[in-house]
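**Student:**
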Amino acid sequence: PADVRLLVRAIGFQRKEVAVGASTSSVSVALDEDPFKLEAVVVTGQATTLERRNATTASVQVSSAEVNRAPAQALEQALQGKVAGATISMNSGAPGGGGQVQIRGATSILGQGQPLFVVDGVIISNDAISDGANTVTGAAGRGTPAGIGSNQDALVNRLADLNLSEIESIEVLKSAAATAMYGSRATNGVVVIRTKRGTPGSAPQFNLTSRIGQSTAYRLLGTRQFTTADEVRNLPYGNGSTSPDTALLTELYPSGQIPLTHDYQKEFYNNSDPSYELTGSFSGGTPSTQYYLNLTGRNELGVAPNTGARLYAFRANVDQAFLAGKIKVHTGLNITRNSLNRGLSNNDNTNTSPIYGFAYTPGVVALDSVDATGTYVRNPFNGGGNGMSNPFETFRYLHLNELTFRQIGDLTATWSALSAEQNQIFVTATGGFDRAQVSADLFSPSFVQYEGSDGFFGRTVRSEGNVFNYNLQFAGNWSYQPSSRVSFTTTAGYSWETQYNRVIRTRARGLLAGVRTTNSGTVLDDADNVLGDFRDVALFANEQVLALDERLAFTGGIRADRSSANGLRHNSHLFPRASASYRFTNLGDLVNEVKVRAGWGRTGNRPRYGDRDVLWAVGSTIGGTATIVQNPTLGDSLVTPETLTETEAGVDVTFLKQRLQFEGTWYDRRISNLLLQLATTPSGGIANLILNGGELSNAGIEAGLTAAAMQRRDMDLTLRATFAKNTQEIKNLPANVPRFPVGGSFGAAFGRNFISPGGRTTWIWGNVPLDANGKPLPIGTLITNPGAVAAVRDTVAGDANPDFVMGFTGTFRWKRLTLASTVSWQQGGMVADMTRTLWDEGGTSRDYDAPVTRESMGDGWDLKAPSGYTTGPFRYDSWDGGGDVRAYLESATNVRVRDISLSYEAPDTWLRQLGARSMRVTFQARNPIVFTHYWSFDPEFNNFGATNLNRFIDLAPFPGNRQFYLSVDVGW
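Throughout the sequence shown, residue numbering follows my numbering, covering 192 to 1163 in sequence.
Shown next as structure tokens:
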């Protein structure tokens, strides 16, 4: 035989071509690491992939090491700062998660706003179900069965059930030219998650990871310092002048002097008990059989009393080849048990949310004290009695638990029907299920201070949520390679999907003493809601071409979808896509390679459940029985999916002998057939009509720069920076739909997004004082010069959209030490800091007594405050009960270290003593450093949870926390 040249490739390493002589029986090849992930494969179709160096669209890949750099409450938190173009935020600091991923801006006003999540081919649920906290807080009204729970209950979405230690890689598909393969569920992007597998030919390996650490609250608000009882009695908003307040102050401080002011937040959010995580995995394989098993137990304790999240997870993945590899079968099973105790937080109307209640409680009473009978001291402020609460008592006796039992299973079978020199034919069947049973229990005993404010003492809620997702896909794949310079891959197939989500809640109020069951109340009510019931089928075809020695790549396809959510269920909606790239190679030492790429695609966002129908709704309770009424929203029997059409173009350039890489992408998205609600005359029994119409646009740029700054035997340094900027605008609305405010806000007094033709969806509209020429006056003019105010108008007061967002990641290795970190920077954007409003109104804000200066007030203020005004009263009075929304709009600019890890690889002497194959000791931290001028806890938090718009409302959240862990990984 003649000499040959061998091309060696492996994911995570750069390819290398070596010459092999005719007489050589074996050859050793050392591959260099691939810092740009060019050898990684990206998803291009239902059954096709492509090396990233030839990718025709923008996508992001996140490795297992990056995901697990530091422990995270949920997957979203682990991805923060790592995906350009994705806005990823946690809604509060409560243990157990609760976040949102938004790719390239909001794409819908009413419809689904979350990406599609796919785990090993299974489309999984990311639903969020209320635990019933609204029954206590009354944030959204609690008088009817519909008020048992609400979207202000600090909801946890189901990504919190995923075990991060099982994840091998995550690919985020952003471009419609890529996501269109998923049809009418892909407008918001697709997140493809692959779990770990066994390796062919590897010996059995056992790995044990043990972590221990703790959480601490960061950026607590502080409190006003009181020195005399008269300062409390003279609070201007009636907080300290009632009879109970006055009597208590005289009893506690007979001299009138207050020597110490309690900082209730420091006393309350101070749990420092250790959290832990223990993970064991066993993997290995032969050429025909590979296996991977993982078992994880994690206990994350919250910083508030009796809060925490405990997750147990098991995964098994098995790959088996039959008939000399002609048939390959993969099966996987994941079982999780996720128990959450998150307490109360966010908005309330009963003063039971701790941050809400503390705002109206001057720190002059030891709220954590109990008398000889074990009864907590009563909070006398803000009216006292059952209109107020003692959070120390509440969190001691309130039981609020959410328990999820979840199973995800997948099965993939591939048959190699033909394997010839130029032709290969594969037939693949992929199926799976996702089942989650979410049970929530709430019990509020009758003796706690706040009980009885609605006439009932004691309440309990039992919620049962059942989520079922199934999907099945058949695909045929034909690869034809007529020469070494060109190849064609044709795919066609069929898919079937079903999703079902039902929540049943039962509530009892006025409980018998000591009894916590739902059949023991004097008033019983319940709600039974089907939140989703979908049947979707699709036909698809894709074509992929590689030509000119893999320099030219083309991918195209079309998908025809039918869904039970559509008005005409038997009509198919078409979603085509096409993209191409061309690589200019071997250009020189300075510029090594340039790839230009462009893509176009159309995807959909199917209607919500019920948008095509006339539905019943739960009415008031009569004689203890809930009534049924007509839903005030009438569906559209012709409703269609929202349609996104996107054009994308980009360039990828490699410099300096593949030491530096630049990626740049421009995109323009147009979303038409928006789901809208047309208001009607309520006297007819119908308040709103569902219809399609209008157009929303998103346009932006994304850029990334990666540098392999150093690659030596004992030292490596890799740095990456990303940049993203996006703007979104309403292009038009139907003639019969006037401009309207987005639901889920507190109105013009605090700001909300408005849907108005030609306006941005991120603009914050609210009341603003104007002069005679219609121009906004400086903030504070309502106090400093009220005569200059010609009108107060609901107009644009700010923009929640950031100017830009950047992310920075870096890995530095020196001998056995490795330092890795992620840093993010958001510039601009505004937040409605309603938390600050509460503390100013209660007279307890930390800067309440500070002088009125530019530093204390910020930009845009008229600082000529009347004599005697300090910062807190001036700010609150300038707000004027909502007369000037700008008084509590603040910049969301922040820079934060998302995660950091410092690891040490143990030397061989340690390994020999343990009989181990490997050992690593790592210090890990999550959110260790945050730089921001924002007054409240965190500008990313959102009172209304995962919403498409109005994501800028901060109201009494669970404080953010930083986590520090010590991890030991040992492999045998």
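Backbone N, C-alpha and C define an ideal beta-carbon position, used for all residues, glycine too. This one's a predicted model, so the numbers in the text were calculated from it and none came from an experiment.
1. Is the distance from the Cβ of S341 to the Cβ of P1148 below 7 Å?
2. Just curious, the beta strand (DSSP E) that Y685 is in, first and last residue?
3. Taking the runs of the beta strand (DSSP E) that are 3 residues or longer, which of them lie wholly in the stretch 229 to 303?
4. Quick check: the Cα distance between P1177 and F583, rounded to an integer number of angstroms?
5. Closer than 6 Å by C-beta to T838: which residues in its own chain qualify, once you throw out the five before and the five after it? Chain order, please.
6. What's the gap between the Cα of G302 and the Cα of P636?
7. On the three-state DSSP scale, how would you describe R333?
8. May I have the straight-line CA-CA distance separating F931 from I955, to the nearest angstrom?
9. Give the range of the alpha helix (DSSP H) segment to which W1030 is assigned.
10. Identify which residue in S536, R1027, P832, Q264 has its Cα closest to the Cα of N796.
11. Check the DSSP bridge columns for F853 and list the partner residues they point to.
12. Is the separation between the beta-carbon of P286 and that of G493 shorter than 7 Å?
13. Helix or strand or just coil, what does DSSP make of M579?
14. Going residue by residue through the stretch 944 to 1005, where are the continuous alpha helix (DSSP H) segments of at least 4 residues, counting only ones entirely within it?
15. Which residues in the same chain have their Cβ closer than 8 Å to the Cβ of A878, if we skip the five residues on either side of it in sequence?
16. Note down, in chain order, each residue of its chain lying with its Cβ closer than 6 Å to the Cβ of F679, except the 5 sequence neighbours on either side.
17. Taking only three categories from DSSP, how would you classify Q416?
18. Grouping DSSP H, G and I as helix and E and B as strand, with all else coil, what is T215?
19. Who are the Cβ neighbours of K365 in its own chain at under 7 Å, not counting the five residues just before and after it?
20. Taking DSSP as the reference, what is the three-state secondary structure of R860?
21. Answer yes if the stretch 1041 to 1057 comes into contact with the stretch 964 to 984, meaning at least three C-beta pairs across the two stretches below 8 Å, and no otherwise.
22. Could you check the C-alpha separation between T776 and L743 for me, to the nearest Å?
23. Just grab the DSSP bridge partners of K916 for me.
24. Please check the pair F586 and N462, which I expect to be a contact at CB under 8 Å, by giving their CB distance rounded to whole angstroms.
25. Tell whether a beta-carbon distance below 7 Å holds between V1034 and L426.
26. Would E491 be called buried (16 or more neighbouring beta carbons within 10 Å of its own) or exposed?
27. Once you ignore the five residues that flank S1047 on each side, which residues in its own chain have a CB closer than 8 Å to its CB?
28. Please say whether G288 and V383 have beta carbons closer to each other than 7 Å?
29. What residues in its chain sit with their C-beta under 6 Å from that of N317, if we drop five residues either side in the sequence?
30. What is the rounded straight-line gap between the Cα of I449 and the Cα of T543?
31. Mapping DSSP to helix, strand and coil, what is F1065?
32. Which runs of the alpha helix (DSSP H) fall wholly inside the stretch 375 to 462 and span at least 4 residues, in chain order?
33. When the distance is taken between beta carbons, is F766 closer than 7 Å to A319?
34. Quick one: give me the first and last residue of the alpha helix (DSSP H) that M1048 is part of.
35. Measure the beta-carbon distance from V980 to P967 and round it to whole angstroms, keeping in mind my assumption that it falls under 8 Å.
36. Whole angstroms is fine: what's the gap from G801's alpha carbon to D539's?
**Tutor:** Short version:
1. Between S341 and P1148, the C-beta gap is not smaller than 7 Å, which leaves the two residues out of contact.
2. 677 to 702
3. 232 to 234, 240 to 242, 250 to 254, 277 to 281, 290 to 294
4. In this structure the chain extends from 192 to 1163, so residue 1177 is not present and cannot be described.
5. W791, D859
6. 39 Å
7. coil
8. Rounded to the nearest angstrom, the two C-alpha atoms are 13 Å apart.
9. 1025 to 1032
10. P832
11. Per DSSP, V844, L896.
12. yes
13. coil
14. Runs found: 972 to 975.
15. So the qualifying residues of the chain are P823, T824, A870, T871.
16. Excluding sequence neighbours, F679 sits near Y671, V736.
17. coil
18. coil
19. A249, S250, G276, I294, R295, G380
20. Three-state result, R860: strand.
21. When C-beta atoms of the stretch 964 to 984 are compared with those of the stretch 1041 to 1057, three or more pairs fall below 8 Å, so the two segments count as touching.
22. 11 Å
23. I892
24. Incorrect: roughly 10 Å between the Cβ atoms, too far for contact.
25. The sequence shown places Gly at residue 1034, rather than the Val named in the question. In this structure, L426 lies closer than 7 Å to G1034 by Cβ.
26. Classification for E491: buried.
27. D1038, A1041, T1062
28. no
29. Q305, F308, N348, R349, L350
30. Distance between the alpha carbons of I449 and T543: 26 Å.
31. helix
32. 420 to 424, 434 to 443, 455 to 459
33. Against a cut-off of 7 Å, the Cβ pair of F766 and A319 comes out as no contact.
34. 1045 to 1048
35. Actually they do not touch by this definition, with Cβ atoms about 11 Å apart.
36. The straight-line gap from Cα to Cα measures roughly 29 Å.
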